[in-house]
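Participant: Positions -12 to 545 (our numbering) are the ones given, in order, by the sequence shown.
Backbone N, C-alpha and C define an ideal beta-carbon position, used for all residues, glycine too.
Here it is, the structure, as structure tokens.
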Amino acid sequence: MTAWATATLALYGAGGAAAAASLFRLHRRLELSRAKHRSLAGHSRMARRLAALVPFYEYDEARFFCADGAPLEVAQCRRAGFEQLSALYKTRFAESVRRTAEAAESISDLQFTGAYRVPFQFSRYTRKHLPSGAFMQSSDGVTISDLDGNRFYDLTGAYGVNVLGYGFYKEAIERGAEQVRALGPVLGPYHPVLIENVKLLKEIAGQDEVSFHMSGTEAVMQAVRLARYHTRRSHLVRFCGAYHGWWGDVQPGIGNPLPTHETYTLKEMSADTLRVLRTRHDIACVLVNPLQALHPNAPAPGDSALLDSSRRAHFDKDAYAAWLKELRAVCTEHNIVLIFDEVFVGFRVARGGAQEYFGVRADIVTYGKTLGGGLPIGVVCGRHELMKRFRDDRPADICFARGSFNSHPYVMGAMNEFLHHLQTPAGRAIYHDLDKTWNERTQRLNDALRAEDLPVEVANLSSIWTVCYTRPSRYNWVFQYYLRAEGLALSWVGTGRLIFSLNYTQADFEAVADRFVAAAKAMQRDGWWWNHPELTNKSIKRAILKETIARRLFARGQ
Ligand SMILES: Cc1ncc(COP(=O)(O)O)c(C=O)c1O
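Written out as structure tokens, the structure is:
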């Protein structure tokens, strides 16, 4: 063979290899694309880009009441109801509202939550006429009271922190403080109460080691950092819609000004995702927020996203447990660290949290919220080899994690009270028949709603609820205001998340259910759920898209 022929052959060979490599990369890329959920929440970059294009517009007073094309008499009926509600809010909540308006000028968080309670087209007018108070002055049993002395049944659950009832946490904080008072806020050295906390946590989590942080967000950061350190791989996998705190890497979509480069957002409960986990070599860990079992692949529901009635939720415990088992097996096979983020569900669904509840053991578990006994906390529990922050053979290659307030004695004291309580017969008893109780209560409310032909239903994962709407409507977001008027306290995400503490008695629950039905009846009476056969979720979405495009074109021309 001539030198020329050899060179040509080599060139062909190299070209072929390059083509094969490109094809292989393309194949991997396609596999990854297939494992993305088709919704915008599944496409973080695109969601961020599109979000940046959405122009502000709002409805004027006339359109506010008939954005769905309702006839004049329905719009008038809505307006009358709205004015009545407005008068009630402005008198009944006067002091709470006055103080909130004053404070909001200087508190950015209040401005944000105030603006994002309802879809933005309705927001300003609603804020003006149905102002929400952000202050409360006391709690008692399952109720909280505002600055005007109104008592509300609490469905906020203090962001999920309140599992055992506010009374319990008040005492835990006091008794915990008593335990550590002699040391006070000395940071760095530990108070000995920590030793027992670690022992109990290891036993509950079924893990070897524990580290303490200040928030759930930080616990998740540390869990992911450890996974990257020990696997020497770069990427984390989170599932579409799942919340894991506000750290950039776990929030790659809307809300984070920067794109993330080491996060894959994949479909939950999907064979496509398992395929990606099997074939890619850059995945350090998979983060699971078991709360997603209530609405897999959908973001945490908030009323500002209630543009129509397409919010769905349904919890299938067996299906989710089966998914977690599959995920566990694939992670084990491919040395991917499986992290359960139990910041929300830990200690709420079972004493041993989601691991016990679904019967699957994770490699690392994060806890937070209620575990602090009412004080701020984030905890990581994991296997010894994954928790280690240095290498014996590479002394300079460390995985750094410190925090001034980690292991704060007062937090450790309150946590100790919480963990101790779980050891007592009363503490264990709260988990008996827990799902049965909450499933029956859910059913009881749904039956009552159905009996009255109301287009509302609730779905639950144990004591965590979300409200769904069964008839296409643009006005479901109004419901939160009727609920508050009936004396039910909701968090700023409105009917997206109702969280019950486990000390709700049947009588307490019946009172909530009656008020819930009364609120829905009032809303129905005031015409908000008027519907026309042509009004579908699809047609609503289409109309909003048209408005948005028109606004954008119009704004450009200005
Ligand atoms: C599953 C999950 N992970 C992490 C966090 C963040 O916790 P924190 O608000 O304490 O930072 C939350 C908060 O809601 C959560 O629900």
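Pick out the complete beta strand (DSSP E) segments inside the stretch 248 to 278, 3 residues or longer, and give them in chain order.
Facilitator: Fully enclosed beta strand (DSSP E) runs of 3 or longer: 250 to 253 and 270 to 275.
Participant: Given that a residue counts as buried once 16 or more other Cβ atoms are within 10 Å of its Cβ, and exposed if not, what is G346?
Facilitator: G346 comes out exposed.
Participant: Report whether the distance from the Cβ of T204 to the nearest heavy atom of ligand 1 is below 7 Å.
Facilitator: True, at least one ligand heavy atom lies under 7 Å from that Cβ.
Participant: Going by CA-CA distance only, name the one from A446, L358 and L441 that's closest to N426.
Facilitator: Nearest option by C-alpha distance: A446.
Participant: Would you say the beta carbon of V504 comes nearer than 7 Å to a heavy atom of ligand 1?
Facilitator: No, ligand 1 has no heavy atom inside 7 Å of this Cβ.
Participant: Mind checking if F80 is an interface residue toward chain B, Cβ cutoff 8 Å exclusive?
Facilitator: Protein chains in the displayed structure number just one, and chain B is not present.
Participant: Does ligand 2 have even one heavy atom less than 7 Å from the beta-carbon of Y230?
Facilitator: Only ligand 1 can be found as ligands here, which leaves ligand 2 out of the picture.
Participant: Cβ-heavy atom distance between D328 and ligand 1 below 7 Å?
Facilitator: It does: the Cβ of D328 is within 7 Å (strictly closer) of some heavy atom of ligand 1.
Participant: What does DSSP give as the partner residues of V324 in its beta bridges?
Facilitator: Answer is C272, bridged to V324.
Participant: Kindly provide the ranges of any beta strand (DSSP E) runs that are 3 or more residues long and lie completely inside the stretch 408 to 451, ordered along the chain.
Facilitator: Correct list: 443 to 448.
Participant: If I measure Cβ to Cβ from R315 and keep anything under 7 Å in the same chain, skipping five residues before and after, which residues do I get?
Facilitator: Only L325 and V347 meet the Cβ criterion.
Participant: When you compare only the Cα positions, how much space is there between Q545 and S526?
Facilitator: Since pLDDT at Q545 reaches only 44, below the 50 mark, its modelled position is unreliable, and the value read off the structure follows with that caveat. Rounded to the nearest angstrom, the two C-alpha atoms are 28 Å apart.
Participant: Taking 8 Å as the threshold (C-beta atoms), are R458 and S297 in contact?
Facilitator: Not in contact: S297 and R458 (Cβ atoms no closer than 8 Å).
Participant: Cutting at 7 Å between CB atoms, please list the residues of its own chain near I241, excluding the five before and the five after it.
Facilitator: For I241, where only same-chain residues beyond five positions count, the Cβ hits under 7 Å are A34, R35 and A38.
Participant: Might you give, ordered along the chain, the residues of its own chain that have their beta carbon closer than 6 Å to the beta carbon of E205, omitting 5 neighbours on each side?
Facilitator: Cβ neighbours of E205 beyond the five flanking positions: G365.
Participant: If you drop the 5 nearest sequence neighbours on each side, which residues of the same chain put their C-beta closer than 7 Å to that of K215?
Facilitator: Correcting the residue type first, residue 215 is Arg in the shown sequence and not Lys. Closer than 7 Å at Cβ, skipping near neighbours: S221 and A271.
Participant: Using a Cβ-based criterion (distance less than 7 Å to any ligand heavy atom), does L40 qualify as near ligand 1?
Facilitator: For ligand 1, not one heavy atom lies less than 7 Å from the Cβ of L40.
Participant: Using alpha carbons as the reference points, say which of G68, A22 and R538 lies closest to M256.
Facilitator: Comparing Cα-Cα distances from M256 to each of G68, A22 and R538, the minimum goes to A22.
Participant: Starting from Y216, trace the beta strand (DSSP E) in both directions and tell me its first and last residue.
Facilitator: Note, Y216: premise wrong, no beta strand (DSSP E); alpha helix (DSSP H) at G203 to T218.
Participant: Residues in its own chain within less than 8 Å of L421 by CB, not counting five upstream and five downstream?
Facilitator: Correct list, in chain order: V336, A337, S449, S450 and L489.
Participant: Is there at least one non-hydrogen atom of ligand 1 closer than 7 Å to the beta-carbon of G365?
Facilitator: The answer is yes for G365.
Participant: Is any heavy atom in ligand 1 found nearer than 7 Å to the beta carbon of L441?
Facilitator: No, since every heavy atom of ligand 1 falls outside the 7 Å radius drawn around the Cβ of L441.
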